[in-house]
Every structure is written in C-alpha cells, then in structure tokens.
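Colleague: Have a look at the structure that comes next, please.
2 protein chains.
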Amino acid sequence: MSKEQPTPTLQDVATAAKVSTATVSRCLNFPDQVKEKTRTKVLKAIKMLSYSPNFGARAMASRRTDTIGAIIPTMGNAIFARGLQAFQDELHLHGFTMLVASTSYREDIEEEQIRALVGRGADALLLIGHARSPEIYRFLEAQAVPALVTWAFDTSLSRPSIGFDNQKAMCRMAKKVIDLGHRNLALVSAETILNDRAKARQLGIEDAMVAANLCAKTLHIVKTTYGIEEGATAFEQVMKAAPQTTAVFCGNDVLAVGALRRARELGFKVPQDVSIIGFDDIELAEIAYPALTTVHVPHREMGRRAGEALIKLLNEGTQIEAVELEASLVFRDTLAPARN
Amino acid sequence: MSKEQPTPTLQDVATAAKVSTATVSRCLNFPDQVKEKTRTKVLKAIKMLSYSPNFGARAMASRRTDTIGAIIPTMGNAIFARGLQAFQDELHLHGFTMLVASTSYREDIEEEQIRALVGRGADALLLIGHARSPEIYRFLEAQAVPALVTWAFDTSLSRPSIGFDNQKAMCRMAKKVIDLGHRNLALVSAETILNDRAKARQLGIEDAMVAANLCAKTLHIVKTTYGIEEGATAFEQVMKAAPQTTAVFCGNDVLAVGALRRARELGFKVPQDVSIIGFDDIELAEIAYPALTTVHVPHREMGRRAGEALIKLLNEGTQIEAVELEASLVFRDTLAPARN
DNA sequence: TAATAAAATGCAAGAGCTTACATTTCTATT
DNA sequence: AATAGAAATGTAAGCTCTTGCATTTTATTA
C-alpha cells in the first residue's frame, strides 16, 4: 500500500525461481517442454508473486494474440446477444478470447472501434452486415486482419459472409401476409443508408408486393432508431398517417414489441384490427403479448459457425467459405387475416 | 494479396514521411508539439500506409492503456446491458475504452477473465458483486489494478462499491407482499454460494418474514440457473411441491418472466391465483403480460457513476467513495392481495 | 546582424515477452 | 564406463512503441 511496487515481470519470476526467462516463458506456453520439477518451482514463484503475463509484450513478441474482435451495433438489447454468446463459446473452446465493442449503429464509431480492436491485436474480426466504407476494408487488408461478415448473406459481394438472406426471408413473410388478404402495408424500419440488413428487409417486402401485383410505392415506411419506445411512437405515426393500414412490419422485434404495446394502448386489437410482424425472434418475441409473429434468425448456429470458420482460417489457413443459413417464419399470435 | 506484406509500423511511417519515429509518435499523441507542415506530411504517410499504432507496444512503452475492463456474469440477457452501456458511454466521454468479458456465472471463468483483462493492460476493472476468492483480490492488488464493485452495496466490506442494497430493496418489496396478506411465500433463485446479490435478495425476504412474525424457514426456495425456461420449470416445481403458495419471488426478471409464462400455461391466473415478483426492472418486465411487478434497479445511474469514479481515480488519484443508490419498487400487474 | 530563447526534431534506451540457436544435462546403449 | 542422441535449459536478438535528453531549427530582441 505505502510503497509503489511495480507489477512483477517474467524476469522477476525467473529470478525467484532461479531459472532463465526462457524457461518461465516455456513453462507458460509449452508446459511439457519443461521438466516437472522445474515447472513446479516456476509455478510456485508465479503464484507467490501474483504474476500475470503482459499481454502487449507477448503479442508483440509472438505476433499473434489468439483474440478475435466482434463489433456489433448495440449491446443495449438482446438482438445480438445470443449469437454473440455462441460465437464466444466457440472461440473459448479453442482457446481464443473474444473482445466486444459496440457502435450504437454509427459508422464513425464503428470505424473507431475497428481501429481500436485491430490496434489491440485482434487476429480477426467479426462484423455485422456488409455496408461500410471501402476505406475500412482497405485498412483491414493493409493490416492483414481477416474480417467475417455475419447477420447477412449476399453472394453478389466478394467478401464471404455467414448468415441468412434478409431480403428473401422478409419476402417470404410478406407473401404470407399478403396471402392473408392484407393490402395496406406499413414498415417501421431503421435508417437504411448504413444498415444493409434493414435495407434488405424493406426490399423483401417490396418484392413480395410486386409479385402480388401491388404497387411497392404504397408501402408506408416510417424510419426510426431501434428501441421499444421508438417502435411505439412509429406505430402511432403509421396509424395516423395511414389509418387504413392492416399490417405493420417492423425492422426487428424490439420495434415490434413497442408497436404492439402502443397498439394496445391506442385501443387497437392485435391481430384483429392490425397485424404486427417482427424480425429476429429474440426472447422478447415469445414473451410479448400477444406472442409475436416474426422471422426466426438462427442466432446460435450463425455465431457458432462464424467462430468455427474464423478459427479454421487462423489456425489452418482454410479460406472462409460463405454459408447461407435458413431463416424460418414463426407464426404466433399477432398475424391474422386482414379485416375488411 | 500475393505477397505477404507485413503490417506497417511507426518506422515505416517515419521513413515514408522522412522524419524520425519520435516525431511520428508525437504527431499521434501530442499533435501540437509538432509543426503544422510536418504533421500534414506525417498524417499523409499514415493514411497512405493505412497505419495503425500497435496497442501492445504503446501500452508497454507508455505504461498505460486508457482501457477499463468490465466483467459481467452474462451477455445473454439484458440484465447488465443497460448499466454497461451507461458505463461505456461515460468512459467514451473521457477517451477511455471499455473491454467486456462475461463469465457465465462461473467463478473459474471469472478468474480467467480477470487475468485476461489485466494482462491486456486494463487500467482498472468493473466487477459485479463482492463475492470472490481473496486470492483474486490479492492478485489485483499485486498488479496494482483498482477494481470497483457494483450491482451491490455493502458497507460491512472495506472494498468500496457503487450500487444498491439488494437485501434492503428485496425486504421492502417482501413487506409489501406480506402486507397484502400473503403467508405462503416461495423464491426462485440462482445459486447463492457465489452470487452475493442472490443471497442478499433471499435474506431480504427472510428479514421481512421475521419482521412479520412469519417463520423464515417456511420460505420455499427453488434454486436454478438464470433463464426464461429455467424460471418456468422452477415455477412448476414450486407449485407442485408447495401448492399453497400465493406469491413467488424471483431472483430476477428473466426468471420471473419464465415463471409467469408457465403459470399461464398451467392455468394459474396471475395475479388472482398467484402473485409473481421480479427483480431488476429490465425491458422484459414491462413487456411481459401481465406487466411484471419488480424492483427497479437504477442501471444507468449505476453505470454512469461507476465510470465517473474509476476515471477520477485513474486521472486524478481521487479515491473511490462508496455510493448507495436507491432501488425502487415498481408495482405493475402481477401482484395482488392473497386469495383466501 | 548577432545573440538568445523557444520550438521542433532526432537519438537511443528501454518496456516485457518469445524463440532460434547454443549449450548443458540427462538417458539409454554398447 | 564411455558416448551418442534426446531433452532441458540458457543466451540474446527482436517485436513496436514512448520519452528523456541532446541537437538543430526558427523566432525574437537588442
């Protein structure tokens, strides 16, 4: 407490155990290269000094960190939680560490975080969606840090991704909705400029409309940021501006749950008066009342596969190959035939 | 692509800009110490090479990282999300970076993560709850890494914390419940051995029972891990083993929401047949149907204050002083007078 | 214009680790 | 008991930055 004691170093341990730093190092990294007796001695010294290796020094000397960074838009809700947990589990299984950073859906912050994680020595990166400036991709290439895109799937891009086709999934859902007689559709969505998933979901609905001979322009779109309260407000706007609406698609479950609540507060019967459709199928969807009809995203599978692919790339140099997973439709209680 | 190009270093930038490495370094860290013209030159070289400083080297040379680690039990649900976000926001405001790791409520993993973050150069740590082995506290002291405990408040310990008194809060809630005529109480809780918050919450209920002349032993306790499904199962167990129960406390909202759902599935009317009480007041609580009566935890305030305190400690050496925040009771729709 | 102070830059010594290579210590074999 | 070969350990260079101190350049003043 009184004296400023420097934190112990490898050298300190070596001295305490009366061996060289090399031996201590090997003791930590390749335990079976050192004799049992020596190892015990070293381990004791480590414990005694409460020594912990300096990551930076290690990274610098060995030129790898066994760390993979994940950059997600937000930790504030559960949208990415499950997938991330699966990703983390997979990494942990192989001795890798995950570092997470969040961007609040802002491109500038994302860039900052990418630089931060790369600077911290992330051997690879997990990214959500494809949409970001070419400059960042150039940066990653210059730094030789492989990045895997997930939560999206798009073969038209050269960059491999492990995810699902947002557009196709939403299109299937929209077709069902239209089949149920809905003609006046609305969408509560996030800003689509920098969010390719949101964009794809919108296009999916429009595809279904066109396929059913509806004019895609009639889709009433309200843009907002993600959040329960935001979903509620947006729903209100929709019903004010387009009262004839019978089905409201939401960019994700968080928005949908907000919309659902506000609908109830405003006296709409769901799904009799208006249907509400979410996206993601997070826990919230099941808990909501009425339980939310939504598009199920294979979060865990996606996270696990992403981890697997990245580790294979790092350990064996196996190129990542794109994987398309299936998003399925989950019909619960917020979708019903259109009222007349 | 074809040639393995090493990632650019400070030296490369220096060469490209025809200055010394020292100048480049200053350009990055103390821009106004270098002449405008030089700076432009250097910045251009940096951009051209897509250079990014190596964090490890920088940390080693400068002996600080402006990084604070946060170790939470889980990212799988929203319990810690909001508080963490606030913490992160506060850190970001002051140029600090947050690193998150999760432990799955396991002590061995927590220890591992603490070591990992310290090794990575975290200047300080945010920890949840007080309960952990003295050895870890010794380690942190040896490494001279300050740690702040949050999500709990306990003056009987020397270690300062910024949080609320779990026991007191739950006790207040339990008193209300008892006031409503409930005599047969149950608790669905996490394992309390390594979770001092869970333990405190249990004690809070027991305090209230004793104060009302009920025998604390009659509290029917079912232990489980956190999760919606787990809450559901536990609720079923409770009602099977103690059918006379009229009020079920849950260790957190996630469990409560699960209990709530299973109650409905089993044909119990909530709150007429049985009351269900949560803890934390996360979004889920409001969305649940009926909306959950719970104990509101000041997540954002807690996160913000914790960040503030840690930064002050790091920047100005101001010792952290314990702060007790108020947890309030939120009465929604899952609590009613006991049936007779 | 010379002298002096201030500003800008450079030099080089670390910071704590890993690892190729050199050296020493065992083990097994004859 | 001598010795080859394997196993264990040691030596020292190098990984990429920061920073105290020395040196050079620029600005200021008489």
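Protein sequences appear in the order of chains A and B.
Counting in the working numbering, the first sequence runs from 134 upward without gaps.
Counting in the working numbering, the second sequence runs from 134 upward without gaps.
Heads up, the beta-carbon is just placed ideally off N, CA and C, and yes, glycines get one too.
Distance, Cα to Cα, Gln452(B) vs Met303(B)?
Modeller: 30 angstroms
Colleague: Return the residues of the stretch 200–213 of chain A that lie within a Cβ-Cβ distance of less than 7 angstroms from chain B, sorted by chain order.
Modeller: Answer in chain order: Met208, Gly209, Asn210, Ala211.
Colleague: Quick check: the Cα distance between Leu388(A) and Leu176(A), rounded to an integer number of angstroms?
Modeller: 53 angstroms
Colleague: What do you get for Ile409(B), buried or exposed, if any count of 16 or more other CB atoms within 10 angstroms of its CB means buried?
Modeller: Buried, because 16 or more other Cβ atoms sit within 10 Å of the Cβ of Ile409(B).
Colleague: Cα-Cα, which of Gly391(A), Ser195(A), Leu447(A), Thr140(A) is closest to Ser185(A)?
Modeller: Nearest option by C-alpha distance: Thr140(A).
Colleague: Can the beta-carbon of Thr156(A) be found less than 8 angstroms from the beta-carbon of Thr171(A)?
Modeller: yes
Colleague: Starting from Glu457(B), trace the alpha helix (DSSP H) both ways and give me its first and last residue.
Modeller: That residue, Glu457(B), is in no alpha helix (DSSP H); its beta strand (DSSP E) goes 456–458.
Colleague: Output needed in chain order: residues of the stretch 263–277 of chain B with a Cβ under 9 angstroms from some Cβ in chain A.
Modeller: Close to chain A, meaning a Cβ-Cβ distance shorter than 9 angstroms, are the following residues of the stretch 263–277 of chain B: Glu268, Arg271, Phe272, Leu273, Glu274, Ala275, Gln276, Ala277.
Colleague: Classify Asp165(A) as helix, strand or coil using the three-state DSSP reduction.
Modeller: helix
Colleague: Mind checking if Pro431(A) is an interface residue toward chain B, Cβ cutoff 8 angstroms exclusive?
Modeller: no
Colleague: Kindly indicate which three-state DSSP category Lys136(B) falls into: helix, strand or coil?
Modeller: Residue confidence for Lys136(B) is low, a pLDDT of 34 falling below 50, so the modelled location carries little weight and cannot support an answer.
Colleague: Output yes or no for whether 8 angstroms exceeds the beta carbon distance between Leu281(A) and Leu260(A).
Modeller: yes
Colleague: List, in order along the chain, the chain B residues whose C-beta lies closer than 7 angstroms to that of Ala150(A)?
Modeller: Result: empty, since nearest Cβ-Cβ is about 17 angstroms, beyond 7 angstroms.
Colleague: Going along the chain, which residues of its own chain have a beta-carbon closer than 7 angstroms to the beta-carbon of Asn162(B), five neighbours each way excluded?
Modeller: Contacts found: none.
Colleague: If we call anything under 8 angstroms between Cβ atoms a contact, is Ala421(B) one with Leu393(B)?
Modeller: yes
Colleague: Counting only runs of 3+ residues fully inside the stretch 303–387 of chain A, write out the beta strand (DSSP E) ranges in chain order.
Modeller: 318–323, 353–357, 380–383
Colleague: Check whether the stretch 200–219 of chain B and the stretch 265–273 of chain B are in contact - that is, three or more C-beta pairs closer than 8 angstroms.
Modeller: no
Colleague: With a Cβ-Cβ cutoff of 8 angstroms, do Thr379(A) and His315(A) count as a contact?
Modeller: yes
Colleague: State the CB to CB distance for the pair Val428(B) and Phe412(B), rounded to an integer number of angstroms; the pair is presumed to be in contact (CB under 8 angstroms).
Modeller: 5 angstroms
Colleague: Tell me the residue span of the alpha helix (DSSP H) that contains Ala285(A).
Modeller: Run containing Ala285(A): none; DSSP gives neither H nor E here.
Colleague: So Thr283(B) and Ala439(B) are in contact, right, with Cβ under 8 angstroms, and what is the actual spacing, rounded?
Modeller: 5 angstroms between Cβ atoms; contact.
Colleague: From Phe220(A) to Ala341(A), what distance separates their C-alpha atoms?
Modeller: 33 angstroms
Colleague: Counting only Cβ pairs nearer than 7 angstroms, list the residues of chain A close to Ala249(B).
Modeller: Correct list: Thr230.
Colleague: Where does Asp413(B) fall in DSSP's three states?
Modeller: strand
Colleague: Please list the partners that Met193(A) has in chain B, where partner means a Cβ-to-Cβ separation under 8 angstroms.
Modeller: Asn187, Gly189, Ala190, Met193
Colleague: Just the C-alpha distance for Lys301(A) and Leu347(A), rounded to the nearest angstrom, thanks.
Modeller: 18 angstroms
Colleague: Determine whether the Cβ of Gln218(A) lies closer than 8 angstroms to any Cβ atom of chain B.
Modeller: yes
Colleague: For Met231(A), which residues does DSSP report across the bridge?
Modeller: The partner list for Met231(A) (beta bridge, DSSP) reads Ile201(A).
Colleague: Check Phe297(B) in the structure and name its three-state DSSP category.
Modeller: Strand at Phe297(B).
Colleague: Please decide whether Pro470(A) counts as near chain B, where near means a Cβ-Cβ distance under 8 angstroms.
Modeller: no
Colleague: Quick one: is Gly450(B) near chain A, going by C-beta distance under 8 angstroms?
Modeller: Chain A contact via Cβ: absent.
Colleague: Is the beta carbon of Ala323(B) less than 8 angstroms from the beta carbon of Gly384(B)?
Modeller: yes
Colleague: If we call anything under 8 angstroms between Cβ atoms a contact, is Val371(A) one with Ala319(A)?
Modeller: At a Cβ-Cβ threshold of 8 angstroms, Val371(A) and Ala319(A) count as neighbours.
Colleague: So if I threshold CB-CB distances at 8 angstroms, which residues from the stretch 380–401 of chain B count as touching chain A?
Modeller: Within the stretch 380–401 of chain B, the qualifying residues are Val390, Arg394.
Colleague: Considering only their Cβ atoms, is the gap separating Leu258(B) from Gly202(B) smaller than 8 angstroms?
Modeller: yes
Colleague: Which residue's Cα is closest to the Cα of Gln144(B): Lys168(B), Glu169(B), Asp165(B), Leu182(B)?
Modeller: Leu182(B)
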